[in-house]
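Novice: Please see the structure below; I have some questions.
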Amino acid sequence: MADCVFCGIVSGSVPAFLVASDPAGLAFLDIRPVFKGHVLVIPRPHVVTLPSLDPSLLEGYFRFVQLLSAAVPAALQAQGTFVAMNNIVSQSVPHLHTHVVPRTKGDGLRGFFWPRHKYDSDDEAASFAETIGKEYLRLSVTDTGRRE
1 MADCVFCGIV SGSVPAFLVA SDPAGLAFLD IRPVFKGHVL VIPRPHVVTL
51 PSLDPSLLEG YFRFVQLLSA AVPAALQAQG TFVAMNNIVS QSVPHLHTHV
101 VPRTKGDGLR GFFWPRHKYD SDDEAASFAE TIGKEYLRLS VTDTGRRE
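Numbering (the UniProt record's numbering), first residue to last: 1 to 148.
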């Protein structure tokens with residue numbers, strides 16, 4: 001879709017701090033992160049909401065999200081992640097996207113109030129993207145992303 005910023009990221013016409021690329025979608029840093037290392041995962045085709053995602057894409061898309069939910073804490077020494085998705089309400093970009101947010105006990109995140117923390121620079125953002133991307137690649141190659 002021509003006016004969708006996430007479709008622009010998929011096409012390469014809109015810059016992003018790319019974390020990982022998969023046939024199922026793209027993962028990149030949120031430009032207004034809850035915490036540094038906050039990743040957005042999107043399917044490649046323009047789909048507005050989860051109910052609109054073609055069922056044939058579900059397995060690949062959620063496997064991609066699953067691997068990233070393992071890569072983020074491993075790469076950033078976080079204790080876990082918060083994985084979330086909005087459909088229409090609070091969906092700032094009308095393109096399906098899943099938030100993968102690094103979490104640590106006592107980080108101050110409570111409920112659905114999401115304070116935002118900016119990156120100090122583009123270099124810092126690029127470093128976070130590279131670190132998480134490397135962990136994603138390691139997990140996707142060894143397929144050890146599943147954690148109990």
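Note that beta-carbon positions come from the ideal geometry of N, C-alpha and C, so glycine has one too.
Three or more C-beta pairs closer than 8 Å, one from the segment 61-72 and one from the segment 128-136: is that the case here?
Specialist: yes
Novice: Say whether the segment 75-83 touches the segment 46-58, bearing in mind that this needs 3 or more beta-carbon pairs closer than 8 Å, one atom from each stretch.
Specialist: no
Novice: Does D122 pass the burial test, meaning 16 or more other C-beta atoms within 10 Å, or should it be called exposed?
Specialist: exposed
Novice: Drop a sphere of 10 angstroms on the beta-carbon of D30, count the other beta-carbons inside from all chains shown, and report buried for 16 or more, exposed for fewer.
Specialist: It counts as buried.
Novice: Please return the same chain residues whose Cβ sits closer than 6 Å to the Cβ of H97, not counting the five positions on each side in sequence.
Specialist: L40 and I42
Novice: Quick test of your reading: H117 and C4, contact by CB under 8 Å. State the CB separation rounded to the nearest angstrom.
Specialist: 26 Å between Cβ atoms; not a contact.
Novice: Between the Cα of F17 and those of I9, A24 and P23, spot the shortest distance and give me the residue it belongs to.
Specialist: I9
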